[in-house]
Amino acid sequence: MYGPFWTLTTLIFTLFLSSSLAASISAYLSPGTEYDYDFTLLSMAVTIIYAYGLALPVLLWLALRYMGVGEWNVIEAMAIWGYAQFVWIPVSILCVIPVPILRWALVGVAFGLSGWFLGSNIYPILASAEAKATRLLIIVLAALHFGLALTFKVLFFSYYVVEKIGGDLPVGSDMPGSGGNTTTTS
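Right, here's the structure in full:
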């Protein structure tokens, strides 16, 4: 049971570390911008990762027990979910690279790999449940997994290096007259 817990804890650490590093690099490369550590990202990472990696498998295990599927224990469920999140560790480090399309691609690959791992390990257990309930569980789990990937991208892997937006001239100053006023009085 230590492996999945430490995988999730390492993911929390790498998410916070890499997003802080990326934000500090972005602030350094953007003139006039100072960087302050955002410790709310750490608390959000802890909440999101432990809720998804520990609470969700327990809830799934309870739902399967309610549906009469008793061949799976809660430790196995938590282990599968914990190990499925491993792929996000190298992705969180690689998402420091300041290329947005690459970060999207990395998130997509991690989403696919962790989803495949979850699906291939959970589907045999879900197949023994009632078909209608199984479909609903699969849809809910897929939506939650997609939501996790999107949350990672938006909260932890989104930053931009912006040199300057617009020019040095005030709005309308390039037009005839002062401040863009084109009317003249005689």
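Each residue of the sequence shown is one higher than the one before, counting from 2 in this note's numbering.
Built from N, CA and C at the ideal position, the CB exists for glycine as well.
Pick from the options that is closest to residue i, judged by C-alpha positions
i      : options                           : result
Cys96  : Ser27, Thr10, Ser20 and Leu9      : Ser20
Tyr124 : Gly148, Ile102, Phe112 and Trp73  : Trp73
Tyr38  : Ala23, Ser31, Leu30 and Pro32     : Ala23
Pro101 : Phe158, Pro5, Ser31 and Leu43     : Phe158
Ile98  : Trp7, Pro32 and Tyr160            : Tyr160
Ser121 : Ile139, Glu131, Trp105 and Val110 : Ile139
Gly71  : Ala130, Gly148 and Ala143         : Ala130
Gly69  : Ile126, Leu151, Leu145 and Leu149 : Ile126
Thr11  : Val88, Leu137 and Leu145          : Val88
Leu145 : Val75, Ile76 and Ala56            : Ala56
Gly109 : Thr152, Ala64 and Trp7            : Thr152
Buried or exposed (CB count within 10 angstroms, at least 16 for buried), residue i
i      : result
Arg66  : exposed
Phe17  : buried
Ser103 : Correcting the residue identity first, residue 103 is Leu in this sequence and not Ser. Classification for Leu103: exposed.
Tyr3   : exposed
Thr41  : exposed
Leu188 : Examination of residue 188 is not possible in this model, given that the chain is present from 2 through 187 alone.
Ser44  : exposed
Ala111 : buried
Trp7   : exposed
Thr183 : Low local confidence applies: a pLDDT of 49 at Thr183 is under 50, so the model's placement there is unreliable, and no value is given.
Cut-off 7 angstroms between Cβ atoms - residues of its own chain near residue i, not counting five sequence neighbours on either side
i      : result
Leu192 : What is shown of the chain runs 2 to 187, which leaves residue 192 out entirely.
Ile13  : Ala46, Val47 and Ile50
Thr15  : Ile90, Ser93 and Ile94
Gly141 : Reading the sequence as shown, one finds Val at residue 141 and not Gly. So the list is empty, once near-sequence residues are dropped.
Leu114 : Val88
Residues of its chain near residue i, where Cβ-Cβ distance is below 8 angstroms and the 5 sequence neighbours each way are ignored
i      : result
Ala28  : Thr34, Glu35 and Tyr36
Ala78  : Pro58, Val59, Leu61 and Trp62
Ala128 : Thr135
Trp105 : Lys154
Ser25  : Tyr36
Ala143 : Gly116
Sequence-distant residues of its chain with Cβ nearer than 6 angstroms to residue i (five each side left out)
i      : result
Lys133 : none
Phe118 : Ala85
Gly54  : Leu9, Trp82, Gly83 and Gln86
Leu149 : Tyr53
Ala64  : none
Proximity test, residue i beta-carbon vs the ligand GTP heavy atom, cut-off 6 angstroms
i      : result
Leu103 : Ligands in the displayed structure: none, and consequently the ligand GTP is not present.
is_contact[residue i, chain C] using C-beta, thresh 7 angstroms
i      : result
Ala128 : In summary, chain C is missing from the structure at hand, where a single protein chain is found.
Would you list, in sequence order, the uninterrupted beta strand (DSSP E) runs of no fewer than 3 residues that lie entirely inside the region 10 to 75? The DSSP assignment places no complete run of the beta strand (DSSP E) inside the region 10 to 75 (cut-off: 3 residues).
At 4 residues or longer, what runs of the alpha helix (DSSP H) sit wholly inside the region 120 to 162? Every alpha helix (DSSP H) of 4 residues or more that sits fully in the region 120 to 162 is shown, in chain order, as 132 to 157.
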